[in-house]
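Some notes on the structure that comes next.
2 protein chains.
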Amino acid sequence: MVKITDVARHAGVSPSTVSYVLSGKRSISEETRRRVRASIRELGYRPHAGARALASSRSNVVALMLPLRSGVAVPVVMRFATSVVTAARRHDHDVLLLTQEEGEDGLRRVADSALVDALIVMDVQMRDPRVPLLRSLDRPSVLIGFPADADDLTCIDLDFHAAGAACARHLAALGHREVAMIGSPPEVYERETGFARRVTDGFAEAVREHGMTGDVHPCEASADAAKDLVGRLLRERPDLTGILVHNEPIVDTVVRALRAEGRRVPEDVSIVAICPDEVAEHAETPLSSVAIPAEEVGGRAVELLMAKLEGEPVPAATLLPPTLTPRASSGTAAR
Amino acid sequence: MVKITDVARHAGVSPSTVSYVLSGKRSISEETRRRVRASIRELGYRPHAGARALASSRSNVVALMLPLRSGVAVPVVMRFATSVVTAARRHDHDVLLLTQEEGEDGLRRVADSALVDALIVMDVQMRDPRVPLLRSLDRPSVLIGFPADADDLTCIDLDFHAAGAACARHLAALGHREVAMIGSPPEVYERETGFARRVTDGFAEAVREHGMTGDVHPCEASADAAKDLVGRLLRERPDLTGILVHNEPIVDTVVRALRAEGRRVPEDVSIVAICPDEVAEHAETPLSSVAIPAEEVGGRAVELLMAKLEGEPVPAATLLPPTLTPRASSGTAAR
DNA sequence: GCTCATCGTCGAAGCGCTTCGACAATTCGA
DNA sequence: TCGAATTGTCGAAGCGCTTCGACGATGAGC
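Taken in order, these protein sequences are the chains called A and B.
Numbering follows this note's numbering, with no gaps: position 66 of the first sequence is 882.
Numbering follows this note's numbering, with no gaps: position 236 of the second sequence is 1052.
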């Protein structure tokens, strides 16, 4: 294994000079730099990560804790992970993968052992036990999602409140007056996953502002529950013409159920969804939707983390504005 | 930050003794071990990962390179990743996440810098440029999938040949005589992804052995292509009663297309699929299927890697036997 | 022409851990 | 009962790198 002293000897300089060429922390003459670089290439030198971490107390690795809880959309998680890795690599960092299962102990372990310099945690709950831990750690972290108490933390997420509102506005703009929201399963609200409630709030608010009538109905993620709910909704509110669905697995079922009940989509009832673009695009009827910008969240999370590592100040909260993409499932209100 | 010397002082022993208590590489008296452990707990000591890696030339980290190429089933990849992380943790190792994008350079980087002790590579192609690299590396690796030339490598995967054969046998046992296989998109075979062709081989072989008539039809992963193919198949082979589908995205479409053509499933035509269990279970008509045992592949891959790290001999090829789960989509042949 | 910065480089001191050889103290075998 | 083997512990060396202070050489300012 070739080490820094080998490179130094080969280039006729001292090891420290090689180090400075690599890190750029001191000025080195053009000429020397060239020679050192050539030697590095020629010998195929790679700094030993452990030695580097020990000497510099920087591992250049960030931890990424991913959820695998059922109910968390897997493809979104993957896209997110991918974007984190890609962004981290741009900053010359690697990513250590942790599962939610490892919980607080896992985070503490990798942080205290200096395995990682910083941490990214996904799928943050309102009252998340990892939050106090992260706060106590001496390493920077970024949370995807907002806990109830976000003081002293750096959080980022889609602006779900705005997303809910955007959907309501979209329906309003199309002339709908009677709308409803089909939400996530009740336990999601009880678990206080934060973002779920934010959607309902934003939706309700915008509904009110635009003088529409609308209410929110949590719904289990099963086809039967969806069909039942749609049936009931149409019975109770025959004039209903717009629905926001925030429950990925059943969006398709909702559309089918409406058709089964004799309502055309979008002619009779318009549908808007909050779900990944793939789902919206590949639905039988492509869905007007607000996407979860997984790539951007991941990339931005890493940028925030790097800034914190540099000691730069970063905003405590980053809310990404929602983008509503109109597709075939929504149209101007009938009548 | 508390270090080994602090623990040593607190416990009234030398640092080396603490180290031996931790590693168990030399015998330590019960009494001393107790004292040291108590001090470790009391001081909250965590060995510095970098220092440890430097001194022992072992980082206790394994690299995991995941595909994000479209066409690779995302949920399966996630389950696989999860099982790798979980298994690695059981062996006191962590997992560094690499994307396929990083390619050979990425593998070389983490290996040569001693960031990782070993590597796991997924989604191996027949002629995979990473294979010669892995061979040249001085660190053990395990491949998920089989390249064309697997000499000196450790590979593991579902036995796709046996899976194809099992499906044919299943249809034969139900009394079907005229069968067909709807395969993956043509480019998958051209890319020589190995496993795809193995399925067709196993299928064809078993079809022959059981005296059935059957052929293989690659198919694009689009609803239209699936419908066209089904229509054509039924026209050309009116007596067809059994189909193996090895093309995850379109299994559902195939069933619907059959029904649209007036064939009942399973009364008129039986369907067997090779796909993740979730897909098979959640299909409109639950599908008889051979699952991709992602969890087991991941776990076993790690076990193999750990054995190699210990210098133990491991089998060059591990083929996991397929398990066919009969569900509603297949039944005894009509007539 | 002399002082004072600045620049480019070097040497040495660690970073926190593992591991090897050494060495008492104890146990064992005959 | 005595030497040999074993057990439990220690001290020191060293893993490969970064970083700090030092220092000669050069250039700028007066």
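Backbone N, C-alpha and C define an ideal beta-carbon position, used for all residues, glycine too.
Keep in mind that this is a model prediction, so the values were computed, not measured.
Using a Cβ-Cβ cut-off of 7 Å (strictly less than) and excluding sequence neighbours within five positions of residue i, which residues of its own chain qualify?
i              : result
residue 1036/A : 1001
residue 1130/A : 970, 1120, 1123 and 1124
residue 1046/A : 1070, 1073, 1074 and 1077
residue 1063/B : 998, 999, 1000, 1035 and 1037
residue 836/A  : 842 and 844
residue 1102/B : 1096, 1143, 1144 and 1145
residue 1023/A : 984, 995 and 1030
residue 847/B  : none
Here's the rule: buried if 16 or more other CB atoms are within 10 angstroms of the residue's CB, otherwise exposed. What is residue i?
i              : result
residue 1098/B : exposed
residue 821/A  : exposed
residue 1003/B : exposed
residue 945/B  : exposed
residue 828/A  : exposed
residue 1078/A : exposed
residue 1054/A : exposed
residue 855/B  : buried
residue 1086/B : buried
residue 1013/B : buried
residue 1006/A : exposed
residue 1107/A : buried
residue 1058/B : buried
residue 1092/B : buried
residue 954/A  : exposed
residue 1132/B : exposed
residue 1154/B : Chain B is shown from 817 up to 1151; residue 1154/B falls before or after that span and cannot be answered.
residue 918/B  : buried
residue 1137/B : exposed
residue 1080/A : exposed
residue 1146/A : buried
Can you pull the chain A residues whose beta carbon is under 7 Å from the beta carbon of residue i, in chain order?
i              : result
residue 930/B  : 864, 865 and 866
residue 1138/B : Chain A residues near residue 1138/B: none, gap ~23 Å exceeds 7 Å.
Tell me which same chain residues have a C-beta within less than 6 Å of the C-beta of residue i, skipping the five on either side of it?
i              : result
residue 983/B  : 1060 and 1088
residue 1154/B : Lying outside 817 to 1151, the shown extent of chain B, residue 1154/B is not represented and no answer is given.
residue 1110/B : 892, 895 and 896
residue 938/A  : 882, 883 and 960
I think residue i touches residue j, with their Cβ atoms under 8 Å apart; what is that distance to the nearest whole Å?
i              : j              : result
residue 882/B  : residue 912/B  : Not confirmed; about 11 Å, so no contact.
residue 1141/A : residue 1104/A : 7 Å
residue 1170/A : residue 929/B  : Residue coverage of chain A in this structure runs from 817 to 1151, which leaves residue 1170/A outside it and unanswerable.
residue 1015/A : residue 1090/A : 6 Å
residue 1066/B : residue 1096/B : Rounded, the Cβ-Cβ distance is 14 Å, inconsistent with contact.
residue 966/B  : residue 1018/B : No, residue 966/B and residue 1018/B are not in contact; Cβ-Cβ is about 18 Å, not under 8 Å.
residue 1026/A : residue 985/A  : 7 Å
residue 1135/A : residue 1031/A : Going by Cβ atoms, the distance from residue 1135/A to residue 1031/A rounds to 25 Å, so no, they are not a contact pair.
residue 901/B  : residue 915/A  : 5 Å
residue 920/A  : residue 949/A  : 4 Å
Given residue i, which residues of its chain have a CB within under 8 Å of its CB, disregarding the five upstream and five downstream residues?
i              : result
residue 907/A  : 1118 and 1122
residue 951/A  : 968 and 969
residue 796/B  : In the structure as shown, chain B begins at 817 and stops at 1151. Residue 796/B is therefore absent and cannot be evaluated.
residue 876/B  : 865, 868, 869, 908, 909, 910 and 933
residue 1148/B : 990 and 991
residue 1083/A : 1147 and 1150
Strictly below 8 Å CB to CB, what residues from chain A border residue i?
i             : result
residue 875/B : 865 and 866
residue 891/B : 890 and 891
residue 902/B : 915 and 917
Using a C-beta to C-beta distance shorter than 8 Å, which residues of chain B count as neighbours of residue i?
i              : result
residue 897/A  : 913
residue 894/A  : 884, 890, 893 and 894
residue 921/A  : Going along chain B, no residue has its Cβ under 8 Å from residue 921/A, so there is no contact; the nearest lies around 11 Å.
residue 944/A  : In chain order: nothing, as chain B lies at least about 20 Å away.
residue 1178/A : Any property of residue 1178/A remains undetermined from this structure, which presents chain A solely from 817 to 1151.
Can you list the residues of chain B that residue i reaches, using a CB-CB cut of under 7 Å?
i              : result
residue 1061/A : Residues of chain B passing the Cβ test: none, with the nearest at roughly 18 Å.
For residue i, go through chain A and note every residue whose CB falls closer than 9 Å to its CB, in chain order.
i             : result
residue 869/B : 864, 865, 866, 867, 869 and 870
residue 926/B : 865 and 910
Alpha helix (DSSP H) segments (min. 4 residues) lying fully within the stretch 1056–1130 of chain A: 1067–1076, 1093–1098 and 1110–1125
Inside the stretch 937–988 of chain B only - beta strand (DSSP E) runs reaching at least 3 residues: 957–960 and 971–974
Continuous beta strand (DSSP E) assignments of at least 3 residues falling wholly in the stretch 907–935 of chain B: 910–915
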